[in-house]
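Take 595 as the starting number for the sequence shown in this note's numbering and just add one per residue.
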Amino acid sequence: MAANVPGMTAFDNLIKTMTDSAIDVLEDFHKQTAVDAGLDPTRANAWDGLQETYFGPTTSPQKQRLARDKARRSGLSLDQLALIERKIKKISSNRTKAKLRLALLDATGNYKALARLAKRLVPGQDKNTPPRKQVTFSRTRSGRRTMTVTAEQRDMADLEHALMTGADTAKPVAPQMLENFLRLMRGFNPPGTTENGGSVDDSAENNAITSPNAATPAVPYAVPRPLILIPLHEWVKIHKGEGDETILQLTDGTTMTGAEFLNTYYATAENYLEAATFHVEEGAVNLYRGRRLANDKQRTLARATSPTCPVPDCRHGADACEIHHITAWKHGGETNIANLAPLCRYHNRVNDDDPEQKKRGRIVNVNGTPAWRSPRGHIVRNSTPGAMDALFA
595 MAANVPGMTA FDNLIKTMTD SAIDVLEDFH KQTAVDAGLD PTRANAWDGL
645 QETYFGPTTS PQKQRLARDK ARRSGLSLDQ LALIERKIKK ISSNRTKAKL
695 RLALLDATGN YKALARLAKR LVPGQDKNTP PRKQVTFSRT RSGRRTMTVT
745 AEQRDMADLE HALMTGADTA KPVAPQMLEN FLRLMRGFNP PGTTENGGSV
795 DDSAENNAIT SPNAATPAVP YAVPRPLILI PLHEWVKIHK GEGDETILQL
845 TDGTTMTGAE FLNTYYATAE NYLEAATFHV EEGAVNLYRG RRLANDKQRT
895 LARATSPTCP VPDCRHGADA CEIHHITAWK HGGETNIANL APLCRYHNRV
945 NDDDPEQKKR GRIVNVNGTP AWRSPRGHIV RNSTPGAMDA LFA
């Protein structure tokens with residue numbers, strides 16, 4: 595890292611650190627520390643990728659060392675180094691990617707000059723290649739998400755026509771299209787149409803989106819699954835008949851005493867309610883062994899322990915995740931609660947199942963809760979609280 599130089603301002607020293615000493619700064623970079631210090635998470639992610647590129651495990655240490663030396667001599671800023679990685683990201687051949695990186699590290703000039711050089715050197719996407727057909731969802735922001743759909747133009751034209759039906763063009767159209775989309779999603783027709791496209795009464799009674807029980811929706815309403823989270827010592831008290839003052843927090847937002855639980859649910863088969871028991875240090879109590887696939891009870895406990903994929907910043911909820919063996923099945927890992935974690939499809943496949951790999955990081959069990967361990971050994975948890983947080987803080 596660059597040392598302070600007499601006669602230079604603090605800002606001069608900052609610029610020198612981010613240019614002349616950029617590579618040396620990256621060697622000890624830690625993303626979570628940067629995010630906690632207030633850096634933009636997008637920039638922190640870019641710098642984390644740079645740290646992996648220039649200092650992480652690699653199959654070509656000689657090329658990595660050459661790139662590191664070039665970056666050190668070039669004086670390119672951290673933002674310029676991040677620009678290079680963005681431009682070559684879609685190159686499938688690692689050999690071609692390494693050659694382009696070395697060529698771009700020879701660049702001189704400012705950020706825009708490097709961008710122009712990258713535009714000339716890096717093969718661009720064929721403009722005639724259509725984008726991949728897919729549906730993507732953004733992270734939740736203030737209780738809302740964004741869905742992006744890429745499909746055949748005729749299908750999208752039909753959808754747009756349906757969403758525009760009945761819209762008042764004297765008012766903003768986008769919110770009205772959303773309302774029509776939600777109507778279609780829940781099995782209702784847009785205002786002013788019937789199933790066959792005919793005219794109907796536009797009154798609120800005919801066109802309002804009603805309660806979930808009013809119609810069979812095209813997309814079913816999600817039904818919350820109540821699950822009682824009980825610390826082990828309180829569970830023992832309940833079964834001893836001492837649960838009058840034990841307050842149980844249900845995942846549907848309600849509470850009840852241990853006595854109410856026993857009297858109302860425990861012996862009533864038709865009012866089935868599940869209870870998940872947790873130990874303050876070990877986590878979920880029920881353990882099962884002997885087969886590779888987790889059973890329903892194990893999946894429920896794993897999802898209660900980690901309501902989202904435990905990799906930091908991953909938005910995928912546990913219900914949409916696969917059940918992952920923390921110690922891989924092929925390495926002797928058992929199918930019990932202490933060894934299970936819900937991982938999204940992507941992170942389940944890039945997880946370092948071999949602890950000696952240290953390429954992409956891996957999931958470990960920390961005091962009964964799955965957490966991500968970086969290739970450099972840092973433990974970082976997803977910010978979404980799970981059962982152990984709710985029960986034992």
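Yeah, the Cβ is synthetic: ideal placement off N, Cα and C, and Gly gets one too.
Small disclaimer: the values here were computed from a predicted structure and weren't measured.
Please report how far the alpha carbon of residue 940 lies from the alpha carbon of residue 905, in whole angstroms. 11 Å
Quick one: Cα of residue 746 to Cα of residue 729, how far? 12 Å
Taking the alpha-carbon positions, what's the residue 701 to residue 668 distance? Cα to Cα, residue 701 sits roughly 8 Å from residue 668.
Is it the case that the segment 695-711 contacts the segment 730-750, given that we only count it when at least three CB pairs across the two stretches are under 8 Å? no
Can you tell me whether residue 901 is buried or exposed, with buried defined as 16 or more other CB within 10 angstroms of its CB? buried
Round the Cβ separation of residue 907 and residue 897 to the nearest angstrom and send it over; I've been treating them as touching at under 8 Å. Actually they are not in contact, since the Cβ atoms of residue 907 and residue 897 sit about 19 Å apart, beyond 8 Å.
DSSP-derived helix/strand/coil call for residue 741: strand
Could you tell me whether the segment 605-623 touches the segment 927-937, where touching means 3 or more Cβ pairs closer than 8 Å? no
Distance between residue 660 and residue 692 (C-alpha atoms, nearest Å): 10 Å
Please look up how many angstroms separate the CB atoms of residue 645 and residue 652, rounded, as I've assumed it's under 8 Å. Taking C-beta atoms under 8 Å as the contact rule, residue 645 and residue 652 fail to qualify, at a distance of about 12 Å.
Segment contact, 8 Å Cβ cut-off, at least three pairs: the segment 706-720 with the segment 681-688: yes
From the DSSP output, which residues share a beta bridge with residue 547? This structure does not reach residue 547, given that the chain is present from 595 up to 987, and the question cannot be answered.
Excluding the five sequence neighbours on either side, which residues of its own chain have a C-beta within less than 8 Å of the C-beta of residue 814, listed in chain order? none
Please name the residue or residues paired with residue 966 in a DSSP beta bridge. 957 and 974
Give the range of the beta strand (DSSP E) segment to which residue 729 is assigned. 728-731
For residue 682, report the span of its alpha helix (DSSP H) as first-last. Note, residue 682: alpha helix (DSSP H), 672-682.
Residue range of the unbroken alpha helix (DSSP H) whose run includes residue 668: 655-668
Going by DSSP, name the residue or residues bridged to residue 911. 902
Could you check if residue 892 is buried or exposed, using at least 16 other CB atoms within 10 Å of its CB as the buried criterion? buried
Start and end residues, alpha helix (DSSP H) containing residue 607: 604-613
Where does residue 735 sit, in a helix, a strand or coil, going by DSSP? strand
Nearest by alpha-carbon distance to residue 943: which of 971, 812, 920 and 706 is it? 920
Among 626, 957, 961 and 647, whose alpha-carbon lies nearest the alpha-carbon of residue 936? 957
The alpha helix (DSSP H) spanning residue 690 covers which residue range? 688-698
Contact belief for residue 969 with residue 952 at Cβ below 8 Å, rounded distance in angstroms: 4 Å
Under the three-state reduction of DSSP, which class applies to residue 851: helix, strand or coil? strand
Counting along the chain, where does the alpha helix (DSSP H) carrying residue 769 start and finish? 767-779
Could you pull the start and end residues of the alpha helix (DSSP H) that residue 711 belongs to? 705-715
Does the Cβ of residue 918 have 16 or more other Cβ atoms within 10 Å, making it buried, or fewer, making it exposed? buried
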